[in-house]
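Student: Please read through the structure below; I'll follow up with questions.
Residue numbers (my numbering): 9 to 107.
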């Protein structure tokens with residue numbers, strides 16, 4: 009079985025690939041071809057199959073760690089932090105120019 013990415017590079021189990029539609033990156037855990045001889049690669053996470061014409065191999069050294077599995081987020085804390093970034097309201101009577 010010879011499955012190639014959108015750029016013609018051969019994909020193997022253990023390689024990292026990017027789904028070009030959303031930029032999702034994952035490790036290849038399985039490969040298959042369908043009855044029309046189209047190649048498919050299955051990512052470890054999100055555990056989905058992707059057609060060979062919409063994925064590309066990525067260099068493992070260029071992948072930034074985005075694993076949030078072991079981290080816990082407090083929704084109220086995140087909302088509070090978000091308030092710090094809200095846009096200030098504009099009011100009349102600010103700086104008036106003369107001239």
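All C-beta atoms in this analysis are idealised placements derived from N, C-alpha and C, irrespective of residue type, glycine included.
Beta carbon of residue 35, beta carbon of residue 48: below 7 angstroms?
Tutor: Cβ atoms of residue 35 and residue 48: not closer than 7 angstroms.
Student: If you drop the 5 nearest sequence neighbours on each side, which residues of the same chain put their C-beta closer than 6 angstroms to that of residue 68?
Tutor: Same-chain partners within the cutoff: 24.
Student: Output the distance between the C-alpha atoms of residue 46 and residue 12, rounded to the nearest integer angstrom.
Tutor: Each residue's alpha carbon lies about 10 angstroms from the other.
Student: Does the beta-carbon of residue 71 have 16 or more other beta-carbons within 10 angstroms, so that it is buried, or is it exposed?
Tutor: So residue 71 ends up on the exposed side.
Student: Let me make sure I understand the geometry here. Which of 85, 64, 58 has the alpha-carbon closest to that of residue 14?
Tutor: Out of 85, 64, 58, 64 has the C-alpha closest to the C-alpha of residue 14.
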